[in-house]
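A.B. asks:
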Amino acid sequence: MSDLTLGKRSSIGDDLAYLRAAHPQPGWRGHTNFGQLADFWLHVHASLRAEAAAIDTTVKALLGGRLDPAGFQRRFVPELNRFLQHLDAHHRIEDHAYFPKFRALDPRMAAGFDLLDGDHHTIHAALVANADAARTLLAALGGSGAPDRAAADYAARTDALLGLLHRHLADEEDLVIPAMLEHGERSLA
């Protein structure tokens, strides 16, 4: 069995995503059970990816000298706050509302949703480290430290977080959307 730890896995297997073969991604939107909840779920994930990409672009602009410290702070602080709040709220809703419903809907899904729940804890730890590095970076840009080193450290933490997030979102979609297509969205109401 392969290591399923987030950050080490390249995907989840068919034993966890057992509905993926019956409902492959290219056919999701055309399926009769693809509804507003599935569309919303994918939209939220797309928004999280876009928010993460915006932060990455802003950090790279600072590192590349295309953004001065004041311009960086004006852009970065609201982008980071929006992303952190959005991701935290999304995970809370999943952990407390949707994941328990999926587990109850089909016990075969429990192991997959346990894995996703564990991912949330790993991502949360990476978010805390990212926020700490952001505070260090902002302080360094304000004159209390080495800004180049703080920016490089923050960029490395951001890359690590985004790697975890992208893998998690893809794996979650491989579990959630096929389950919605198989069982219908009403079963989650």
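Residue numbers for the sequence shown follow our numbering, beginning at 1077 and rising by one.
The beta carbon of each residue, even a glycine, is placed where N, CA and C say it ideally should be.
Please classify residue 1205 as buried or exposed, where buried requires at least 16 other C-beta atoms within 10 Å of its C-beta.
C.D. replies: Translated into the one-based positions of the sequence shown, residue 1205 becomes position 129. Residue 1205 comes out exposed.
A.B. asks: Run through DSSP, which three-state label would residue 1143 get?
C.D. replies: One-based indexing of the sequence shown puts residue 1143 at position 67. Note: residue 1143 maps to coil in three-state DSSP.
A.B. asks: Go ahead and label residue 1197 buried or exposed: buried means 16 or more other beta carbons lie within 10 angstroms of its beta carbon, across all protein chains shown.
C.D. replies: The residue given as residue 1197 occupies position 121 in the sequence shown. Per the 10 Å Cβ criterion, exposed.
A.B. asks: Going by other Cβ atoms of all chains shown within 10 Å of its Cβ, with 16 needed for buried, is residue 1024 buried or exposed?
C.D. replies: This structure leaves residue 1024 out entirely; the chain is present only between 1077 and 1265.
A.B. asks: Is residue 1030 buried or exposed, if buried means 16 or more other CB atoms sit within 10 Å of its CB?
C.D. replies: An answer regarding residue 1030 cannot be provided, because it is not within the stretch 1077 to 1265 covered by the chain.
A.B. asks: Alpha carbon to alpha carbon, how far is residue 1226 from residue 1113? Give it in angstroms, no decimals.
C.D. replies: Numbered from its first residue, the sequence shown carries residue 1113 at position 37. Numbered from its first residue, the sequence shown carries residue 1226 at position 150. Near 40 angstroms, if we compare the C-alpha coordinates of residue 1226 and residue 1113.
A.B. asks: In three-state terms, what does DSSP make of residue 1094?
C.D. replies: Counted from its first residue, the sequence shown places residue 1094 at position 18. The answer is coil: DSSP assigns residue 1094 none of H, G, I, E or B.
A.B. asks: For residue 1158, I'd like the list of residues in its chain whose CB is within less than 8 angstroms of its CB, leaving aside the five on either flank, ordered along the chain.
C.D. replies: The count along the sequence shown starts at 1 and reaches residue 1158 at position 82. For residue 1158, where only same-chain residues beyond five positions count, the Cβ hits under 8 angstroms are 1127.
A.B. asks: Going straight from the alpha carbon of residue 1149 to that of residue 1215, what length do you get?
C.D. replies: Against the sequence shown, residue 1149 aligns to sequence position 73. Against the sequence shown, residue 1215 aligns to sequence position 139. Cα to Cα, residue 1149 sits roughly 11 angstroms from residue 1215.
A.B. asks: Find out if the Cβ-Cβ distance for the pair residue 1082, residue 1200 is shorter than 8 angstroms.
C.D. replies: Numbered from 1 along the sequence shown, position 6 holds the residue referred to as residue 1082. Numbered from 1 along the sequence shown, position 124 holds the residue referred to as residue 1200. Contact flag unset, no.
A.B. asks: Taking 8 angstroms as the threshold (C-beta atoms), are residue 1188 and residue 1251 in contact?
C.D. replies: For this step, residue 1251 is matched to residue 175 along the sequence shown. For this step, residue 1188 is matched to residue 112 along the sequence shown. In this structure, residue 1188 lies closer than 8 angstroms to residue 1251 by Cβ.
A.B. asks: Exposed or buried, which one is residue 1119 when buried takes at least 16 other CB atoms within 10 Å?
C.D. replies: Position 43 of the sequence shown, counted from the first residue, corresponds to residue 1119. Looking at its Cβ environment, which holds fewer than 16 other Cβ atoms inside 10 Å, residue 1119 is exposed.
A.B. asks: Three-state secondary structure (DSSP) at residue 1084?
C.D. replies: Here residue 1084 refers to the residue found at position 8 when the sequence shown is read from its first residue. Note: residue 1084 maps to coil in three-state DSSP.
A.B. asks: CA-CA distance, residue 1263 and residue 1163?
C.D. replies: The count along the sequence shown starts at 1 and reaches residue 1263 at position 187. The count along the sequence shown starts at 1 and reaches residue 1163 at position 87. Approximately 25 angstroms, taken between the alpha carbons.
A.B. asks: Take residue 1147 as the anchor and find which of 1169, 1094, 1190, 1218 has the nearest alpha-carbon.
C.D. replies: Position 71 of the sequence shown, counted from the first residue, corresponds to residue 1147. The candidate whose alpha carbon is nearest that of residue 1147 is 1218.
A.B. asks: Tell me which residue opens and which closes the alpha helix (DSSP H) that residue 1176 is part of.
C.D. replies: Taking the first residue of the sequence shown as position 1, residue 1176 is located at position 100. Counting along the chain, the alpha helix (DSSP H) containing residue 1176 begins and ends at 1175 to 1181.
A.B. asks: Locate the alpha helix (DSSP H) running through residue 1242, then write down its first and last residues.
C.D. replies: If you number the sequence shown from 1, residue 1242 lands on position 166. Start and end: 1223 to 1259.
A.B. asks: Using a Cβ-Cβ cut-off of 8 angstroms (strictly less than) and excluding sequence neighbours within five positions of residue 1261, which residues of its own chain qualify?
C.D. replies: For the purposes of this step, residue 1261 is taken as residue 185 along the sequence shown, with counting starting at 1. 1109, 1111, 1112, 1113, 1114, listed in sequence order.
A.B. asks: Would you grab the beta carbon distance between residue 1185 and residue 1255 for me? Rounded to a whole angstrom, and I think it's under 8 angstroms.
C.D. replies: In the sequence shown, counting from the first residue as 1, residue 1185 sits at position 109. In the sequence shown, counting from the first residue as 1, residue 1255 sits at position 179. Sure, about 6 angstroms apart at Cβ, within 8 angstroms.
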